[in-house]
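Written below as structure tokens is the structure these notes are about.
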Amino acid sequence: MGNDRGMSNQIRANSILPAHREDIELHTADGVTLVGELARPLDRDPVATVICLHPLPTHGGMMDSHVFRKAAWRLPALAGLAVLRFNTRGTSSVRGTSGGTFASGVDERFDVAAAIEYAEFADLPNLWLLGWSFGTDLTLMYGLEPAVTGAILLSPPLRFSRPEHLAAWAADGKPVTALIPEFDDYLRPPEAAERFAAIPQAEVVPVPGAKHLWVGDAEKVLDAVVQRVAPAVPTPLPQTWDGPIETGDMNAYANRTVAAFADVEVPTPLKD
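Numbered per this note's numbering, the sequence shown spans residues 2 to 273.
Spelled out as structure tokens, the structure:
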């Protein structure tokens with residue numbers, strides 16, 4: 002869907018702004034093929050790169066989970082960012098189904114490594130990991146790689162990661178920002194401040210009124226991401242767009258809401 006010349010379009014939840022988008026495949030060291038997408042600015046080189054690690058696939062998490070979908074649809078145009086999204090092993094979305102099976106955060110180490118490696122080979126700049134829920138544990142456990150600039154954690158439950166992972170980030174000194182919803186299901190701001198004290202450089206940001214899934218608060222998240230990975234870009238990001246806008250099919254995600262997984266038990270970390 003386009004717009005008339007000289008008219009501004011409101012950026013809505015299903016708005017897709019112009020970008021160079023390509024379907025990609027990631028190949029892990031243990032032989033699994035993962036499906037994903039790389040979105041880059043249409044008319045310039047990216048200033049930074051966000052690698053998205055999604056929530057639990059057993060509870061609807063996927064590369065198209067709404068904050069990541071909106072990041073890929075907006076940030077290349079609005080902030081000059083490259084956004085790399087992919088489905089971890091065994092995860093399905095509109096893009097397709099990645100090979101392998103969900104491994105409770107164990108074999109997913111290969112998935113994280115493959116995404117970072119892809120970004121390196123593609124010469125993408127200034128790599129940041131953007132984890133959400135289960136994806137924050139993957140970030141903390143497996144994301145401390147030389148090529149990675151820093152990490153942003155959305156609703157971190159600290160469920161699979163362990164104290165030694167936090168200690169490693171503390172020792173390395175890379176920037177870590179944790180966005181903590183006031184009404185999170187797993188870790189709320191007071192406890193988060195205590196737990197993340199293990200990483201002296203960690204920035205713990207309470208978000209008033211927000212919940213674990215960030216419904217209604219995606220714009221706050223995107224602004225916070227841009228402020229950290231591309232601080233020269235003004236925020237809050239624009240809510241209108243003067244160029245062409247396409248419209249995404251929201252029906253494709255109707256059966257992936259949290260309500261559909263209300264009775265599904267949350268996986269526990271595998272024991273040594």
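Backbone N, C-alpha and C fix where the C-beta goes; we use that ideal spot for every residue, glycine too.
8 Å contact criterion, which residue i and residue j should meet: CB distance rounded
i	j	result
A49	A231	5 Å
G174	L155	Contact flag wrong, Cβ pair sits at about 22 Å.
L85	F135	Contact flag wrong, Cβ pair sits at about 17 Å.
Three-state secondary structure (DSSP) of residue i
i	result
D173	helix
T269	coil
A115	helix
D224	helix
M2	Low local confidence applies: a pLDDT of 37 at M2 is under 50, so the model's placement there is unreliable, with the coordinate-based value given in what follows. The answer is coil: DSSP assigns M2 none of H, G, I, E or B.
F103	coil
P209	strand
E247	strand
T59	helix
A233	coil
P182	strand
A260	Summary for A260: the model assigns pLDDT 47, below 50, so the residue's position carries little reliability, and this model does not support an answer.
F197	helix
R163	coil
R86	strand
Buried/exposed call for residue i, threshold 16 Cβ in 10 Å
i	result
V267	exposed
L43	exposed
S9	exposed
G37	buried
G81	buried
D250	exposed
Q11	exposed
G275	Since the first residue of the chain shown is 2 and the last is 273, residue 275 is not available in this structure.
Residue i - containing alpha helix (DSSP H), residue span
i	result
D138	135-143
R75	67-80
Boundaries (first-last residue) of the beta strand (DSSP E) holding residue i
i	result
R45	First-last for R45: undefined, no H or E at that position.
G91	Element bounds for G91: n/a, residue is neither H nor E.
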